[in-house]
Ligand SMILES: Nc1ncnc2c1ncn2[C@@H]1O[C@H](COP(=O)(O)OP(=O)(O)OP(=O)(O)O)[C@@H](O)[C@H]1O
Ligand SMILES: [Mg+2]
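Protein chains in written order, with my numbering: chain A, 1 to 231; chain B, 1001 to 1761.
Right, dumping it as structure tokens:
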């Protein structure tokens, strides 16, 4: 599903070129649950953003579903965001002026889903994530965990093939975090490909494959053995 | 979708209630002022355009004397010899008060028009009642406007009644509607100028006395005007030797052209220009408020746009949601503006002595300019969004802080602009006030205090015996009869070879002592030598002679020189004036030292006993002269009000800025306070930008204001000085106003509990 070949990312300043990603080769197939780990500043978010087409590689090839993503037009990228990918952020990034309901509904509006169908889909999400009672509240009226639930609901309501989560539990205490991780596993078991970034070893193990990067280089790429899987 | 967006926009307005309210009200008040000024200008520009034929109506203007008064006798020639002219009508307007008499009543009525029956047709006048088929039934008929009829005759039927207008005996033969407010031809009594005695205006030139009038022409088509003008200039001279060069002036150009001498009602073109300028400035100031508001809100928008993009929003979605924010804002501002205009219109009508109607709003030019302005600011709001989308990728939008910093220089520049404009306006106001005080207090060169002027209608009584009768009262020691008095000298003479205009007065031997005018050299005029005259110092200068002795002016021997005194308003420097002995009926009475009210009642009693029911009218010179500055006072009124509004708009902008700065620095303030910063330090941190801005604005504003005010003062021959303290005072006032505006908000921010501030993020 995702093929990265010789991806470089660098920033040019006046005197020097700083490399953030160096010659990354990566293959991720449909249905995987990948965790990216590494020290702060290693380039994790950068890599995730390139995969999510929020950022462009400086060099290299990126194929998504056999399409050359590094050559996509702005219009195609919008299509990609609409139809194939959902984002979850550490800072939740809900829109303050919208209720929970409206936040979740937003991607469907952009997709052009008819209002009748939209209602059903949003209701299903509210139900599934247990936030029906909160649907008319604004983000500021929710706890962090509830906000992240709404964030996930918004990310998956459009039935994306790929879910990108950059430290989704970073702003939550571990209880809430765990709940979120279980949700992600469940979504993965229903077929959504997930790539997450986390600093938490325990949460990392919810993924089925852990890629460790440091200084822009891939250090290791391991399959998580079932025996180690937490329960 | 649109509805959903508007709902969300409304929430974000509500969230920033104070900030949004300041932004909207700031813009709305500026926009309303613009609308009202627009109404005023549109109204002034539409004078005479209500006439169906206005494009085809012209009048003749004497190009050499710049006067509309032209030999009456060419009327028949115009009518018959030129096929381009469909109709022609003589219209001579005397805008002054005229004394009118009925069998049992006498009053002053303003505005007499001498014309013919053609007038009513060409100018679309509605005749409501008439004796015969034509408004003027005969040569001695008069026509009254509805309001004049009820003033003179009350409820009784005016038709067929005798009416004496000054010395002209008439019979009322018709009643017409009042002239509309937007007509440059205005009057209340119309008399028939087919009767040669009724032609109101005589001229003396080339050794003959002849009547003059303004000839209005209805052309067959307005395209023919240039051709006609050429032909008229080639041929008119052969019909009348009194006509040298004429120009055609279109009806709609008359109202705002004050260079041509006529009796029409005129507008104030410089007031229109200044108001247009002020209107544009106020619009700019409020647009600046609006832009600052939009830029400040961007901080939040960046993040939101980032989120929306990750959710798959296309450009159109982003635009729609953004535009709905702005649109809601504009709609609210528009509603508030309309309410403001509607409720303040009576006030402005009072201020300008006009009658603007709210329904001017629906006139096409006003609607079009409103739509254009609103579209413009709508587009203006979209520019930052489009720039943003082209410049930044989603990732940096989500990390908004770095991007939003970049708006600060724009906000500074715009605020400095607003402050500069405010300082220029404050300086302008101070200079305006200073000049008005200066001209009002200036020594006019004659004893204007307790000096009375009495208007005596033609043959109302025996002028000289009235004067003598008044002097019998012990408290009245001086009185003089003259033709022309300071403030109203109409007799002038120009000559191609002269670089000056001579003014003439007929005076008696009491004039100088009554007026308190100093005789510098020579002797007073007397009844014995009627070909001798007095001149003022300005005449000597103009004639370039150093000594009066043995010199002549206009064929009269100069026998004395008087000290210059102001006989026109202080716009003009003192002009050459020639005074010769003559019998006049302008009576000046010096009441200094007298008990004014008892002297007045004596004068009134004497008047009533000596005249047959002639209305008594008088002025005191000092207040009469002051009234000549009505234009300046009206201007100063308008400028004061509008400048105050401009300054308030700027203050609202500053207030918005400080709210924005203090909320975006809430966290910083909290951290500084936790680390031991004092309130005064926080205050100076928040306020120092504003002080810097005022200082910069002062530097920018001073030379502009200095230049502009110098230019304006050039309109006056006698002008006040542009003292340095005006500028200093204006700077201090601006600083004071700015600090006063921001201090309350920054005080609130600085004294907030730091714990609360830190939790806020
Ligand atoms: N616009 C930029 N210009 C220059 N350097 C940048 C820019 N954006 C990111 N970097 C650098 O790229 C490196 C990788 O950043 P990235 O956000 O990917 O790290 P990360 O692995 O996600 O770290 P963390 O775990 O702290 O989130 C950092 O050293 C950062 O300083
Ligand atoms: Mg990161």
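All C-beta atoms in this analysis are idealised placements derived from N, C-alpha and C, irrespective of residue type, glycine included.
Discussion item. Is the separation between the beta-carbon of residue 21 (chain A) and that of residue 8 (chain A) shorter than 9 Å?
Written reply: Walking along the first chain from the start, residue 21 (chain A) turns up at place 21. Walking along the first chain from the start, residue 8 (chain A) turns up at place 8. Yes, they are a contact pair.
Worksheet item: For residue 127 (chain A), which three-state DSSP category applies?
Response: Numbered from its first residue, the first chain carries residue 127 (chain A) at position 127. Helix.
Discussion item. Helix, strand or coil, according to DSSP, for residue 1125 (chain B) in the structure here?
Written reply: Position 125 of the second chain, counted from the first residue, corresponds to residue 1125 (chain B). Residue 1125 (chain B) falls in the coil class under three-state DSSP.
Discussion item. Pull the bridge partners of residue 1211 (chain B) from the DSSP assignment, please.
Written reply: Counting from 1 along the second chain, the entry for residue 1211 (chain B) is found at position 211. In DSSP, residue 1211 (chain B) forms a bridge with B:1202.
Practice prompt. Run the proximity test for residue 219 (chain A): is its beta-carbon closer than 8 Å to any non-hydrogen atom belonging to ligand 1?
Written response: By 1-based counting over the first chain, the position of residue 219 (chain A) is 219. It does not: the Cβ of residue 219 (chain A) is nowhere closer than 8 Å to a heavy atom of ligand 1.
Item to complete: Could you list which residues in chain A have their beta carbon closer than 9 Å to that of residue 1012 (chain B), in chain order?
Response: To locate residue 1012 (chain B), count along the second chain from 1; it is residue 12. The contacting residues are 96 and 97.
Item to complete: Along the beta strand (DSSP E) that carries residue 1100 (chain B), what are the first and last residues, could you check?
Response: The sequence position of residue 1100 (chain B) within the second chain is 100, counting from 1. Its beta strand (DSSP E) spans residues 1085–1101.
Fill in: C-alpha distance - residue 230 (chain A) paired with residue 182 (chain A), whole-angstrom precision
For the purposes of this step, residue 230 (chain A) is taken as the residue at position 230 of the first chain. For the purposes of this step, residue 182 (chain A) is taken as the residue at position 182 of the first chain. The predicted position of residue 230 (chain A) is uncertain, since its pLDDT is 47 and thus under 50; a value taken from the coordinates is nonetheless stated next. Spanning the two alpha carbons is a distance of roughly 11 Å.
Worksheet item: At which residue ranges does the region 156–223 of chain A contain complete beta strand (DSSP E) runs of 3 or more residues, listed in the order of the chain?
Response: 162–166, 193–197, 209–214 and 217–223
Discussion item. Is residue 107 (chain A) close to chain B? Criterion is C-beta to C-beta, closer than 9 Å.
Written reply: Counting from 1 along the first chain, the entry for residue 107 (chain A) is found at position 107. It does: the Cβ of residue 107 (chain A) has a partner Cβ on chain B nearer than 9 Å.
Worksheet item: Which same chain residues, not among the five before or five after residue 1358 (chain B), have their C-beta less than 8 Å away from its C-beta?
Response: For this step, residue 1358 (chain B) is matched to residue 358 along the second chain. 1341, 1342 and 1345, listed in sequence order.
Worksheet entry | heavy atom of ligand 2 below 8 Å from residue 1393 (chain B) C-beta | As a first step, residue 1393 (chain B) must be located in the second chain, where it is residue number 393. No, ligand 2 has no heavy atom inside 8 Å of this Cβ.
Discussion item. In whole angstroms, give me the CA-to-CA distance for residue 1704 (chain B) and residue 1389 (chain B).
Written reply: Position 704 of the second chain, counting from 1, holds the residue named residue 1704 (chain B). Position 389 of the second chain, counting from 1, holds the residue named residue 1389 (chain B). If I take the Cα positions, the gap works out to 39 Å.
Practice prompt. Measure the CB-CB distance between residue 1372 (chain B) and residue 1281 (chain B) and report whether it falls below 9 Å.
Written response: For the purposes of this step, residue 1372 (chain B) is identified with residue 372 of the second chain, where counting begins at 1. For the purposes of this step, residue 1281 (chain B) is identified with residue 281 of the second chain, where counting begins at 1. Contact flag unset, no.
Practice prompt. Look up residue 1247 (chain B) in the DSSP assignment and give the residues it is bridged to.
Written response: Residue mapping note: residue 1247 (chain B) aligns to position 247 of the second chain, counting from 1. In the DSSP output, where bridge partners are listed per residue, residue 1247 (chain B) has B:1061.
Discussion item. At the 9 Å Cβ level, is residue 114 (chain A) part of the contact set with chain B, yes or no?
Written reply: Numbered from 1 along the first chain, position 114 holds the residue referred to as residue 114 (chain A). By this cut-off, residue 114 (chain A) is not an interface position.
Worksheet item: What residues in its chain sit with their C-beta under 8 Å from that of residue 307 (chain A), if we drop five residues either side in the sequence?
Response: Look at the range of chain A in this structure, 1 to 231, and you will see that residue 307 (chain A) is not part of it.
Practice prompt. Output the boundary residues of the beta strand (DSSP E) element that contains residue 1519 (chain B).
Written response: Sequence index remark: in the second chain, residue 1519 (chain B) carries index 519 (1-based). Here the beta strand (DSSP E) through residue 1519 (chain B) covers 1519–1522.
Worksheet item: Below 9 Å between beta carbons: does that hold for residue 139 (chain A) and residue 197 (chain A)?
Response: Translated into the one-based positions of the first chain, residue 139 (chain A) becomes position 139. Translated into the one-based positions of the first chain, residue 197 (chain A) becomes position 197. Contact flag unset, no.
Worksheet item: Can you tell which of A:80, A:169, A:31 and A:55 has the C-alpha that lies nearest to the C-alpha of residue 10 (chain A)?
Response: Indexing the first chain from 1 puts residue 10 (chain A) at position 10. For residue 10 (chain A), the nearest C-alpha among the options comes from A:55.
Worksheet item: Secondary structure at residue 1719 (chain B), three-state DSSP: helix, strand or coil?
Response: In the second chain, residue 1719 (chain B) corresponds to position 719, counting from 1. In this structure, residue 1719 (chain B) counts as coil in the three-state DSSP scheme.
Worksheet item: Just how far apart, CA to CA, sit residue 1005 (chain B) and residue 128 (chain A)?
Response: Numbered from its first residue, the second chain carries residue 1005 (chain B) at position 5. Numbered from its first residue, the first chain carries residue 128 (chain A) at position 128. Distance between the alpha carbons of residue 1005 (chain B) and residue 128 (chain A) is about 27 Å.
Worksheet item: Taking the Cβ atom as the reference point for each residue, do residue 163 (chain A) and residue 184 (chain A) lie within a distance shorter than 9 Å?
Response: As a working mapping, residue 163 (chain A) is identified with position 163 in the first chain. As a working mapping, residue 184 (chain A) is identified with position 184 in the first chain. The answer is yes: Cβ separation under 9 Å.
Item to complete: Counting only the same chain and skipping the five closest in sequence on each side, list residues whose C-beta sits under 8 Å from that of residue 1411 (chain B).
Response: By 1-based counting over the second chain, the position of residue 1411 (chain B) is 411. So the qualifying residues of the chain are 1292, 1295, 1296 and 1657.
Worksheet item: If you draw a straight line from the alpha carbon of residue 1432 (chain B) to that of residue 1694 (chain B), how long is it in whole angstroms?
Response: On the second chain, residue 1432 (chain B) is found 432 positions in, with the first residue counted as 1. On the second chain, residue 1694 (chain B) is found 694 positions in, with the first residue counted as 1. Rounded to whole angstroms, residue 1432 (chain B) to residue 1694 (chain B) spans 23 Å at the Cα level.
Worksheet item: The beta strand (DSSP E) with residue 24 (chain A) in it runs from where to where?
Response: Along the first chain, one-based indexing puts residue 24 (chain A) at 24. Its beta strand (DSSP E) spans residues 17–28.
Practice prompt. Identify the contact partners of residue 234 (chain A) in chain B, using a Cβ-Cβ distance below 7 Å as the criterion.
Written response: This structure does not reach residue 234 (chain A), given that chain A is present from 1 up to 231, and the question cannot be answered.
Discussion item. Can you confirm whether residue 1398 (chain B), when its beta carbon is compared against all beta carbons of chain A, has any partner nearer than 9 Å?
Written reply: Here the question's residue 1398 (chain B) lines up with position 398 in the second chain. Chain A, which has a Cβ nearer than 9 Å to the Cβ of residue 1398 (chain B), makes this yes.
Worksheet item: For the region 1179–1199 of chain B against the region 1110–1122 of chain B, are there 3 or more C-beta pairs whose distance is under 8 Å?
Response: yes
Discussion item. Residues around ligand 1, please: the ones whose beta-carbon is closer than 5 Å to some heavy atom of it, in chain order.
Written reply: A:11, A:20, A:40, A:41, A:42, A:43, A:44, A:45 and A:46
Practice prompt. Please work out which residues of its chain come closer than 7 Å, Cβ to Cβ, to residue 1615 (chain B), disregarding the five sequence neighbours upstream and downstream, and give them in chain order.
Written response: For the purposes of this step, residue 1615 (chain B) is identified with residue 615 of the second chain, where counting begins at 1. For residue 1615 (chain B), where only same-chain residues beyond five positions count, the Cβ hits under 7 Å are 1099, 1106, 1107 and 1108.
Practice prompt. Drop a sphere of 10 angstroms on the beta-carbon of residue 82 (chain A), count the other beta-carbons inside from all chains shown, and report buried for 16 or more, exposed for fewer.
Written response: For the purposes of this step, residue 82 (chain A) is taken as the residue at position 82 of the first chain. Classification of residue 82 (chain A): buried, given that the 10 Å Cβ count is 16 or more.
Practice prompt. Could you round the C-beta distance between residue 942 (chain B) and residue 1210 (chain B) to whole angstroms and report it? I think they count as a contact, below 8 Å.
Written response: Shown here, chain B extends from 1001 to 1761; a query on residue 942 (chain B) therefore has no answer.
Worksheet item: If you run the structure through DSSP and keep just helix, strand and coil, what is residue 46 (chain A)?
Response: To locate residue 46 (chain A), count along the first chain from 1; it is residue 46. Note: residue 46 (chain A) maps to helix in three-state DSSP.
Worksheet item: Should residue 15 (chain A) go down as buried or exposed, given a rule of 16 or more other Cβ atoms within 10 Å for buried?
Response: One-based indexing of the first chain puts residue 15 (chain A) at position 15. Classification for residue 15 (chain A): exposed.
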